[in-house]
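Below is one structure, written out as structure tokens; the observations come after it.
In my numbering, the protein residues as written are 25 to 575.
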């Protein structure tokens with residue numbers, strides 16, 4: 025009953041209202057020139073410095089879903105769940121220079137989305153449209169999953185109802201407030217709230233990893249309890265160590281997730297809001313500090329095993345909701361007031377990324393669908409207004425996913441989202457370094473990778489839940505004719521086929537001398553910095569200069 029958690033509910037509500045007030049005040053923060061402009065509403069005026077960007081990007085990547093789902097995966101499967109830790113470490117050196125180039129060319133041309141860049145780089149509205157649609161589709165389930173974190177907290181506090189509407193009413197109210205201050209303040213709202221969100225999370229996790237091992241008998245006892253649980257498990261791949269069957273899946277999932285992380289539109293939005301290249305370089309160097317935090321968060325899964333935590337019942341009869349593992353752990357092991365602070369950290373941790381994701385998806389629709397195909401002469405004020413309205417629609421869609429779908433289905437959709445967004449890697453990430461790929465070949469590669477990825481995902485079932493299709497991203501190699509029990513991450517296979525098709529078809533199209541369009545960027549665009557003069561996207565350039573490959 026909720027009355028047993030009254031202190032937790034009061035603390036949670038007060039902190040939630042505090043950040044909501046900050047969200048509305050953010051419209052006047054840093055004195056924007058004109059909020060009726062996509063640069064101001066959708067990118068915070070492209071003016072954020074080192075600290076703001078660090079909290080914004082960190083708050084964007086490390087979400088409420090991470091807070092509850094990573095420990096839940098460790099709780100349920102053991103070592104395989106730690107894939108989230110190495111992939112957030114290896115990605116930062118990989119994108120250190122890539123994102124600087126993206127920021128520079130976007131700063132020089134006024135690009136707001138990665139599809140803007142693709143449109144001008146490859147002179148292909150169709151390819152840009154595919155990148156935009158891919159980004160929107162991959163982002164939608166990610167927003168819905170933020171609600172899973174809030175729902176796990178509300179369920180632990182007993183804030184549930186007998187009907188679907190009563191059960192989801194608190195989430196609907198929370199997202200209505202989020203929609204209101206995001207509509208008013210744009211990217212400034214999550215940027216300001218991120219300071220509170222990350223501070224709360226750091227405090228909660230550091231207290232937890234210091235206090236809980238002491239209370240539970242030390243780290244030795246915690247790992248012994250986890251080992252005992254997995255040794256008795258019937259699942260062959262569960263354990264505190266990887267085995268021969270899941271090592272390939274672990275490596276490919278970690279590497280594929282790393283490649284996908286900064287292809288998501290919301291990740292790029294936080295980067296493009298930076299003031300200059302140095303801000304990005306400093307942040308790519310400092311953001312691994314969040315990976316240390318993530319490693320500590322993951323260990324909460326083993327602590328829950330040692331504490332004897334029992335997950336709350338799931339949405340279907342006889343099932344359990346492993347996403348409640350961390351909230352239940354805090355409810356059992358800490359005073360009510362501190363559990364309330366932890367719940368607020370999870371709840372606020374959902375609002376920051378959800379706001380950025382909805383803004384990023386709205387920017388994609390506005391710039392690459394509305395302006396490209398519906399109203400080419402749209403004014404900056406019209407663009408900003410359309411983006412605001414679209415961000416509301418995106419949030420309504422995310423709430424609908426939670427209200428009408430089983431949360432487990434939404435989690436499977438997120439796994440599919442990673443496979444989907446990876447198919448933009450050749451056009452976006454590699455496009456920042458080379459224009460060797462032919463625009464038509466990139467479209468064909470995208471189609472091939474997407475088709476193969478969807479086919480592979482369709483073949484994956486889960487005998488435990490009874491789902492026959494789209495029940496994960498671990499594809500059995502035996503389906504390809506190999507005599508092995510090993511699995512591999514679908515996204516890696518799909519993007520490799522994407523690249524292969526794009527490369528082979530590029531050779532054919534170049535041999536046939538098929539028109540490849542005009543590159544509207546120049547080599548020096550990729551090194552532009554704050555204060556460098558801007559150009560208008562689509563302006564004519566010297567043909568030889570436009571076609572010159574970027575070193």
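Don't be surprised by glycine CBs; every beta carbon is placed ideally from N, CA and C.
Q: Go to residue 14, then tell me how far its beta strand (DSSP E) extends in each direction, as first and last residue.
A: As displayed, the chain neither begins before 25 nor continues past 575, which places residue 14 out of reach and without an answer.
Q: Work out the CA separation of residue 374 and residue 268 for me, nearest whole Å.
A: The residue labelled residue 268 in the question sits at position 244 within the chain shown. The residue labelled residue 374 in the question sits at position 350 within the chain shown. Approximately 36 Å, taken between the alpha carbons.
Q) With distances taken from CA atoms, which of 506, 483, 330 and 503 is nearest residue 496? A) Here residue 496 refers to the residue found at position 472 when the chain shown is read from its first residue. Measuring from the Cα of residue 496, the nearest candidate turns out to be 483.
Q: Since I believe residue 212 is in contact with residue 50 (beta carbons under 8 Å), could you give me their beta-carbon distance rounded to a whole number of angstroms?
A: The residue labelled residue 50 in the question sits at position 26 within the chain shown. The residue labelled residue 212 in the question sits at position 188 within the chain shown. That pair is a contact at about 4 Å.
Q. Which word fits residue 239, buried or exposed, when buried means at least 16 other C-beta atoms lie within 10 angstroms of its C-beta?
A. Translated into positions along the chain shown, residue 239 becomes position 215. When all chains shown are included, residue 239 counts as exposed.
Q.
On the criterion of 16 or more Cβ atoms from any shown chain inside 10 Å, does residue 52 qualify as buried, or is it exposed?
A. Here the question's residue 52 lines up with position 28 in the chain shown. Classification of residue 52: exposed, given that the 10 Å Cβ count is below 16.
Q. Taking the alpha helix (DSSP H) that residue 111 falls in, what are its first and last residues?
A. One-based indexing of the chain shown puts residue 111 at position 87. First-last of the alpha helix (DSSP H) with residue 111: 108 to 133.
Q: Identify whether residue 567 lies in helix, strand or coil by the three-state DSSP scheme.
A: Indexing the chain shown from 1 puts residue 567 at position 543. With a pLDDT of 36 at residue 567, under the threshold of 50, the predicted position of this residue should be treated as unreliable, though the coordinate-derived value follows. Under the three-state reduction of DSSP, residue 567 is assigned to helix.
(Q) Quick check: residue 385 and residue 414, are their CB atoms within less than 9 Å of each other? (A) On the chain shown, residue 385 is found 361 positions in, with the first residue counted as 1. On the chain shown, residue 414 is found 390 positions in, with the first residue counted as 1. Going by C-beta atoms, residue 385 is nearer than 9 Å to residue 414.
Q: Scan the region 183 to 259 and note each continuous beta strand (DSSP E) run of 3 residues or more that stays entirely inside, going in chain order.
A: none
Q) Is there contact here, the region 126 to 141 with the region 203 to 217, by at least three beta-carbon pairs under 8 Å? A) Contact fails: fewer than three Cβ-Cβ distances are below 8 Å.
Q. Any chance the CB of residue 349 is under 8 Å from a heavy atom of the ligand ZN?
A. Annotation note on the ligand ZN: not contained in the displayed structure, which lists no ligands.
Q.
According to DSSP, simplified to helix, strand and coil, what is residue 513?
A. Position 489 of the chain shown, counting from 1, holds the residue named residue 513. If DSSP states are grouped into helix, strand and coil, residue 513 belongs with the strands.
**Q.** residue 34, buried or exposed, once every other Cβ within 10 Å from all chains shown has been counted against 16
**A.** Locating residue 34 in the chain shown gives position 10, counting from the first residue. Using a 10 angstroms sphere on the CB of residue 34, the tally of other CB atoms stays under 16, which defines it as exposed.
Q) CA-CA distance, residue 519 and residue 299? A) The sequence position of residue 519 within the chain shown is 495, counting from 1. The sequence position of residue 299 within the chain shown is 275, counting from 1. So the two alpha carbons sit approximately 32 Å from each other.
**Q.** Inter-residue CB distance, residue 453 and residue 530 (contact presumed, cutoff 8 Å)
**A.** Here residue 453 refers to the residue found at position 429 of the chain shown. Here residue 530 refers to the residue found at position 506 of the chain shown. In fact, because the Cβ distance is near 16 Å, the residues do not count as touching under 8 Å.
Q) Do the CB positions of residue 137 and residue 289 come within less than 9 Å of each other? A) On the chain shown, residue 137 is found 113 positions in, with the first residue counted as 1. On the chain shown, residue 289 is found 265 positions in, with the first residue counted as 1. Result yes, Cβ atoms of residue 137 and residue 289 sit closer than 9 Å.
Q) DSSP on residue 47, reduced to helix/strand/coil? A) Start at 1 with the first residue of the chain shown, and residue 47 comes out as number 23. Here residue 47 sits in helix by DSSP.
Q. Short check: CB of residue 143 to CB of residue 549, under 9 Å?
A. Taking the chain shown and counting its residues from 1, one reaches residue 143 at position 119. Taking the chain shown and counting its residues from 1, one reaches residue 549 at position 525. No, these two residues do not count as a Cβ contact at 9 Å.
**Q.** Delimiting residues of the beta strand (DSSP E) encompassing residue 498
**A.** For this step, residue 498 is matched to residue 474 along the chain shown. From DSSP, the beta strand (DSSP E) with residue 498 extends over 498 to 500.
Q: Could you name each continuous alpha helix (DSSP H) segment of 4 residues or more that falls completely within the region 301 to 355, going from the start of the chain to the end?
A: Runs of the alpha helix (DSSP H) lying entirely within the region 301 to 355 and spanning at least 4 residues, in chain order: 301 to 310 and 312 to 330.
(Q) Looking at residue 322: is its Cβ nearer than 9 Å to the Cβ of residue 177? (A) Counted from its first residue, the chain shown places residue 322 at position 298. Counted from its first residue, the chain shown places residue 177 at position 153. For residue 322 and residue 177, no; Cβs fall outside 9 Å.
(Q) I'd like to confirm the pairing. Which residues does DSSP put opposite residue 263 in its beta bridges? (A) Along the chain shown, one-based indexing puts residue 263 at 239. DSSP lists 102 as partners of residue 263.
Q. Whole-angstrom Cβ separation of residue 281 and residue 442, contact assumed at under 8 Å?
A. In the chain shown, the residue the question calls residue 281 occupies position 257. In the chain shown, the residue the question calls residue 442 occupies position 418. Right, the Cβ-Cβ distance comes to about 6 Å (below 8 Å), so this counts as a contact.
Q: Look at the alpha carbon of residue 395 and the alpha carbon of residue 140, and state the distance between them as a whole number of angstroms.
A: On the chain shown, position 371 is the one that residue 395 refers to. On the chain shown, position 116 is the one that residue 140 refers to. Computed Cα separation, rounded: 11 Å.
Q) Sorted by chain position, which residues of the same chain lie with C-beta nearer than 6 Å to residue 199's C-beta, five sequence neighbours on each side aside? A) Locating residue 199 in the chain shown gives position 175, counting from the first residue. Only 419 and 423 meet the Cβ criterion.
(Q) Just to confirm before moving on: does the CB-CB distance between residue 297 and residue 120 stay below 9 Å? (A) Residue 297 sits at position 273 when you count from the first residue of the chain shown. Residue 120 sits at position 96 when you count from the first residue of the chain shown. Result no, Cβ atoms of residue 297 and residue 120 do not sit closer than 9 Å.
Q.
Tell me the rounded alpha-carbon separation between residue 503 and residue 36.
A. In the chain shown, counting from the first residue as 1, residue 503 sits at position 479. In the chain shown, counting from the first residue as 1, residue 36 sits at position 12. One C-alpha to the other measures close to 48 Å.
Q) Mind checking residue 45: buried by the 16 CB within 10 Å criterion, or exposed? A) For the purposes of this step, residue 45 is taken as residue 21 along the chain shown, with counting starting at 1. It counts as exposed.
Q) Sorted by chain position, which residues of the same chain lie with C-beta nearer than 8 Å to residue 562's C-beta, five sequence neighbours on each side aside? A) For this step, residue 562 is matched to residue 538 along the chain shown. Residue placement at residue 562 is poorly supported in this model, since its pLDDT is 47, which falls under 50; the coordinates still yield a value, given next. Excluding sequence neighbours, residue 562 sits near 144 and 544.
Q: With distances taken Cα to Cα, identify the nearest neighbour of residue 153 among 526, 249, 256 and 397.
A: Position 129 of the chain shown, counted from the start, is the residue given in the question as residue 153. Comparing Cα positions, the closest option is 397.
Q. Do residue 286 and residue 122 have their C-beta atoms within less than 9 Å of each other?
A. To locate residue 286, count along the chain shown from 1; it is residue 262. To locate residue 122, count along the chain shown from 1; it is residue 98. Contact: yes.
Q | Cross-strand partners of residue 298 (DSSP beta bridge) | A | Start at 1 with the first residue of the chain shown, and residue 298 comes out as number 274. Residue 298 is bridged to 72.
Q. Got a sec? Which residues, its chain only, sit under 6 Å from residue 180 by beta carbon, not counting five neighbours each side?
A. Residue mapping note: residue 180 aligns to position 156 of the chain shown, counting from 1. Cβ within range, chain order: 348, 351, 352 and 355.
Q.
Quick check on residue 544: does DSSP put it in helix, strand or coil?
A. For the purposes of this step, residue 544 is identified with residue 520 of the chain shown, where counting begins at 1. Of the three classes helix, strand and coil, the one that applies to residue 544 here is coil, per DSSP.
**Q.** residue 486 - DSSP class collapsed to helix/strand/coil
**A.** Reading the chain shown from its first residue, position 462 is the one you call residue 486. In the three-state scheme derived from DSSP, where H, G and I count as helix and E and B as strand, residue 486 is classed as strand.
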